[in-house]
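Below is one structure, written out as structure tokens; the observations come after it.
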Amino acid sequence: MSNTYRYLPDTTQDQEEMLAALNISSIDVLFEDIPAEIRLQGELAIPDAVSEPLLMKKMIQLSAKNKNANHYPTFLGAGTYDHYIPNVVDHMLLRSEFYTAYTPYQPEISQGELQAIFEFQTMVCELTGMDVANSSMYDGFTSLAEAASLAVASTRRSKVLVSKAVHPESRAILQTVAAGPGYAVEEVNLVNEVTDLNQLGQQIDKNTAAVIVQYPNFFGSIEDLAEVKKIAAENGALFIVSANPLALALLQTPGHFGADIVVGDMQPLGIPMSFGGPHCGYFAVSKKYMRKIPGRIVGQTEDESGKRGFVLTLQAREQHIRRDKATSNICSNQALNALASSICMSALGKQGIRRMAQLNFEKADYAAKALEKKGFTIINKAPFFNEFVVELPCPVKEVNAKLIKAGIIGGFDLGKDYGLENQMLLAVTEQRTKEEIDKLIEVLEAVVNG
Amino acid sequence: MTKATANLLYSKEHEWVLQLDGNRVRIGISDFAQEALGDIVFVENPEIDAEISANEAVGTIESVKAVSEIFTPLSGTVVSVNDVLEDAPETINEEPFEAGWLFELEMSNPEELETLMNEDQYQAFTNEGEN
Amino acid sequence: MVEYNDLIFEISRQGRVGSNLPESDVGHVDLQDKLPKHLIRDVPAELPEVSELQIARHYTALSNKNHGIDNGFYPLGSCTMKYNPKINETVARLEGFSRIHPYQPVETVQGALEVLYELQEELAVITGMDAVTLQPSAGAQGEWTGLMMVKAYHAQKGETRTKVLVPDSAHGTNPASATVAGFETITIPSNKNGLVDLEELKKHVGSDTAALMLTNPNTLGLFETEILEIAEVVHEAGGLLYYDGANANAILGKTTPGSMGFDIVHLNLHKTFTGPHGGGGPGAGPVGVKAKLIPYLPVPRVEKENDQYVLNYNEPLSIGRVKGYYGNFGILLRAYTYIRTMGNVGLREVSESAVLHANYLRKRLEPYFDAPYSQVCKHEFVLSGSRQKKLGVRTLDMAKRLLDFGYHPPTIYFPLNVEECLMIEPTETESKETLDAFADVMIQIAKEVEENPSVVLEAPHTTVIGRLDEVKAARQPILRYVKEEAAEREKEFARS
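Protein chains in written order, with UniProt numbering: chain A, 1 to 450; chain B, 1 to 131; chain C, 1 to 496.
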């Protein structure tokens, strides 16, 4: 074997010694149990190896083909947000004891990870107002689908109602997931940009396992959870809320309104946008559903000497024990991103998270008002958090092309998913300065006038 | 071995049945079953008033690394569940035939009792399984 | 050294901050003026109040209580705990990759789409498939995605097939995924050589068979030598073959699931392709398919039109979306970087070395432990602790004893069909010295079991904490920190 691969330590002598111990002449002997007709002849038709310096250069060049938020202030949100991540987060994440570890199945040498997850679970409970949270899910979208499946399994009912103001990708994934066990997913229409409660009242019945809304919803507006809960409870359906964790620093908690399950994505708190992943779903429930929650959970216990320690617990729920009786097949989670999020929440702290949320609220409010002053129509009738919809006189795609030329990444086009042509969903986070917002408005104005 | 088990009937799923008054029976799991499960950490009993039919899975018993379904050996209406297990599931390990019972049933088809084994037959059945 | 055992909430002091944000440059808005009172949070979330240094110390202290691959040997079978290259971490953090939004116009993310497109193409070559989706976030999600395609494929042909066959040595996710996809699982027993029993398989294959799920090499580390016959049996009955790629580290450049007859494959990029396990995730579980299944792949598909990379949402037979956006891009990027680093010859040498290491280590350990299967193994192998069990020491005890020597134990009690199982996967990135040192320790432990079992039974002796009470954890679950409850427990502890 050659010496060109820095991840392969065997020297020729090492190999000879191992082959000798096995009493064979070559490595090929170890592959003779593969039928000859399916053994590959020649090499895989993929490129040759690249040295580290050249590869680094190539990857930097590839990355430079993308326009990134460091150089192009972005007003895109729609589920993924550009928020500040304190430097301490990544420095701690690069502790390889965390990122090169497997799932903490050996608690004696995994107390660091286990405790970090226990702290994460606590923070999620604090933000959502729920009793129990798990160690994380793939992302907020799949987390929502798992919540629906939990509701169906636990109520033995076969229909879920989901508001159209829930993220389009969440609804799409929910449809795919529901096709497995075969439960029905019905969408609830909107009045203006929020869930139509009258419609909801008509669609709900005794076969409805759950009602699902988003908080703030896809258009940035804040749904009245008290009203939705009332309708769900009257019909014995579970109340599932998909919530932006940053917004929960200011908004009354879903737990307070009697949510049974709260899901969402921790991306706004400490996780880079990374072209959409990996992010970090969270999943929180009221105590009643503690033993039905999917995924891994960490619990506190003690060792023989009474010393506090942490272990993966309630494992009887999970696929590796329940196999075909499991209600969820989730195995891995997003532990490293949950850790990122915990560190970020620690850095922000009790006051900082409110300040960050407040800044988002203020900047979006400023942008909306400034647009209105210039004659633009803001579609949202309900109060909104850090996102709102602005109507444009021409297709969003054209406007976004002009914004790029001006060095700005524009908002989300509501045409494709909602048929709302010429409507743009703008997110204004704490990262956007007044100067950047003013520039956005200036370009939009020029588009209108030009 | 726990005393006063001679009157019990057993199912192949290792449940025992104790006949109470009239058509009312009490159901639990055998010493053999609790031993096999190990430290029991959680019991999910059927709900009161639930109509259940014989051999149906009506609940679960969890230990740390295993989960086992509760198959009711008889059909009927659930009239009582053992609340003690909610906070102290280990009672099944400690007294499977007494304080660790699971639920009580008003039988809808008492003839099903005939499908069950007596203690000797059950002993033979479990010995067979061990070989 | 002072032990540090605090939770971050316990070092919190009112008024401390760990970060600072700028003042608002757009003026102040009062929430009360905008929102009805009942929608405004009244009790703040109790997040910790700690300084930046406290955060650094806290998480550094936690990391010191964690064992990763960088700390030492990690022969966890079926998990492929190989080295996680540093260049991958650097690349994933480049601003042009980490600071891009998934909904940016495609013209502004051509570099990212190029990575995805090329990775799709190369994984198709590596697996012998015709097309690949990168959406699934993990192996289990890949399995489910694959099975939903199986379902759609049969439905399109007007067939209802309800059964998915899995061998008894399969990962728990296989039957769980089958259930979640709406199938019934039939378990096929292994024969005495640890392989799928072809005769048993024939008994269960029929017109209701949707698919057979297999890992090859299987979870015992053995190559299914009758794979072509197995494929024929399933295909003749109209079923499909699903390849669980958990063990793909054994076959890179040596053979492909495609040539074995598989129709669908998932890969665990966090195993074979060096995505770090991250303490449990994130992973990535791309799925490859043969041509007949391409129409059912999830949307969006990453495609190339002339010189432009585009996203195609318009596939009427697609099973739909399975994951947000385009998959776990950051993990996909690491896999891409790894494949570039190794190249075609390098990937083949990966598997050759992984298989050599496993066979060598087994050879060294075989005299001291029961080895249920005698044939050549692939990248991993199983031993049984039944000899030691007779002496009153269980596999769990030996696993705990390994901790005293700084090793992560092998996978234990899996697969389920081997008594007191130890499943060992050394990987190609370990040196011979490491393999020898580990073998020496295993042999020492086997001797301890005979001569001084209590040292094994009472292990671990050197870890920061002893064996934990898992029964207590599950009976009275404490799943979050609550200040008052914690104080109450302290008091009770003091009283007792």
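Where is the CB? At the ideal position from N, CA and C, for every residue including glycine. Computed from a predicted structure; not experimentally measured.
Which listed residue (the options) has its alpha carbon closest to that of residue i
| i | options | result |
| --- | --- | --- |
| residue 475(A) | R95(A), V188(A), L251(A) and A382(A) | Here chain A has residues from 1 to 450 only, and residue 475(A) is not among them. |
| Q431(A) | L21(C), R57(C), Y4(C) and V2(C) | L21(C) |
| E470(C) | A316(A), D14(A) and L339(A) | A316(A) |
| G201(A) | F219(A), E227(A) and N217(A) | E227(A) |
| P73(B) | N7(B), A6(B) and S11(B) | S11(B) |
| V132(C) | G320(C), G285(C) and M81(C) | G285(C) |
| N163(C) | H171(C), S169(C) and A176(C) | Contrary to the premise, residue 163(C) reads as Lys rather than Asn in this sequence. Closest by alpha carbon: A176(C). |
| G15(C) | G352(A), Y7(A), P181(A) and M273(A) | G352(A) |
| A61(C) | L30(A), Y81(A), N23(A) and A116(A) | A116(A) |
| E435(A) | D6(C), N5(C), S24(C) and G18(C) | S24(C) |
The alpha helix (DSSP H) enclosing residue i, as first and last residue numbers
| i | result |
| --- | --- |
| R26(B) | Run containing R26(B): none in the alpha helix (DSSP H); it sits in the beta strand (DSSP E), R24 to I29. |
| F218(A) | Run containing F218(A): none; DSSP gives neither H nor E here. |
| Y59(C) | E52 to S63 |
| A178(C) | T173 to V180 |
| L123(C) | Q110 to T127 |
| K159(A) | Run containing K159(A): none in the alpha helix (DSSP H); it sits in the beta strand (DSSP E), K159 to S163. |
| L33(C) | The sequence shown places Asp at residue 33(C), not Leu. L31 to K34 is the span of the alpha helix (DSSP H), which, as asked, contains D33(C). |
| E236(C) | I227 to E236 |
| R6(A) | Careful: R6(A) lies outside any alpha helix (DSSP H) and carries neither H nor E. |
| G258(C) | P257 to M260 |
| L39(C) | L39(C) -> no alpha helix (DSSP H), and no H or E assigned at all. |
Bounding residues of the beta strand (DSSP E) (the contiguous stretch that carries residue i)
| i | result |
| --- | --- |
| Y360(C) | First-last for Y360(C): F329 to L365, but that is the alpha helix (DSSP H), not the beta strand (DSSP E). |
| residue 132(B) | Beyond the ends of chain B as shown, which are 1 and 131, falls residue 132(B); an answer cannot be given. |
| H266(C) | I264 to L267 |
| N312(C) | Q308 to N312 |
Below-8 Å beta-carbon distance, residue i vs any chain B residue
| i | result |
| --- | --- |
| A338(A) | no |
| E470(C) | yes |
| Q106(A) | no |
| R489(C) | no |
| R475(C) | yes |
| V389(A) | no |
Min CB distance residue i to chain C below 8 Å
| i | result |
| --- | --- |
| M1(A) | Legend: pLDDT at M1(A) = 45, less than 50; position of this residue unreliable, no value from coordinates given. |
| C125(A) | yes |
| E90(B) | yes |
| V67(B) | no |
| V84(B) | no |
| P294(A) | no |
| S64(B) | With the sequence shown as reference, residue 64(B) is identified as Val, and Ser is not the correct amino acid for it. At least one chain C Cβ lies under 8 Å of V64(B). |
| D39(B) | yes |
Closer than 8 Å to chain A by CB, residue i
| i | result |
| --- | --- |
| R41(C) | yes |
| K12(B) | no |
| N359(C) | yes |
| C79(C) | yes |
| P367(C) | no |
Residue burial classification, residue i (beta-carbon count within 10 angstroms, cutoff 16)
| i | result |
| --- | --- |
| I48(B) | exposed |
| L53(C) | exposed |
| P393(A) | exposed |
| T142(A) | buried |
| D120(B) | exposed |
| L8(B) | buried |
| Y5(A) | buried |
| K378(C) | buried |
| P316(C) | exposed |
| Y81(A) | buried |
Heavy atom of the ligand PLP within 7 Å of residue i beta-carbon
| i | result |
| --- | --- |
| P189(C) | What this structure holds is no ligand at all, so the ligand PLP is not there to describe. |
Entirely within the segment 62-126 of chain A and at least 4 residues each: give me those alpha helix (DSSP H) ranges in chain order. Listed in chain order, the complete alpha helix (DSSP H) runs (minimum 4 residues) inside the segment 62-126 of chain A are 87-93 and 96-99.
Contained beta strand (DSSP E) runs [length at least 3] in the segment 124-166 of chain C, N- to C-terminal order: Secondary structure in the segment 124-166 of chain C: the beta strand (DSSP E) runs of 3 residues or longer, each lying completely within the stretch, are 131-133 in chain order.
Ignoring anything shorter than 3 residues or poking outside the UniProt domain "Lipoyl-binding" (24-106) of chain B, list the beta strand (DSSP E) runs there in chain order. Listed in chain order, the complete beta strand (DSSP E) runs (minimum 3 residues) inside the UniProt domain "Lipoyl-binding" (24-106) of chain B are 24-29, 40-44, 57-63, 67-71 and 76-81.
Uninterrupted alpha helix (DSSP H) stretches inside the segment 329-399 of chain A (no shorter than 4 residues): Fully contained in the segment 329-399 of chain A are the following alpha helix (DSSP H) runs of length 4 or more, in chain order: 335-373.
Jot down the residue ranges of each uninterrupted alpha helix (DSSP H) in the UniProt domain "Glycine dehydrogenase C-terminal" (351-451) of chain C, minimum 4 residues, whole runs only, in chain order. Under the rule that a run must span 4 or more residues, the alpha helix (DSSP H) segments found entirely inside the UniProt domain "Glycine dehydrogenase C-terminal" (351-451) of chain C read 386-389, 395-403 and 432-451.
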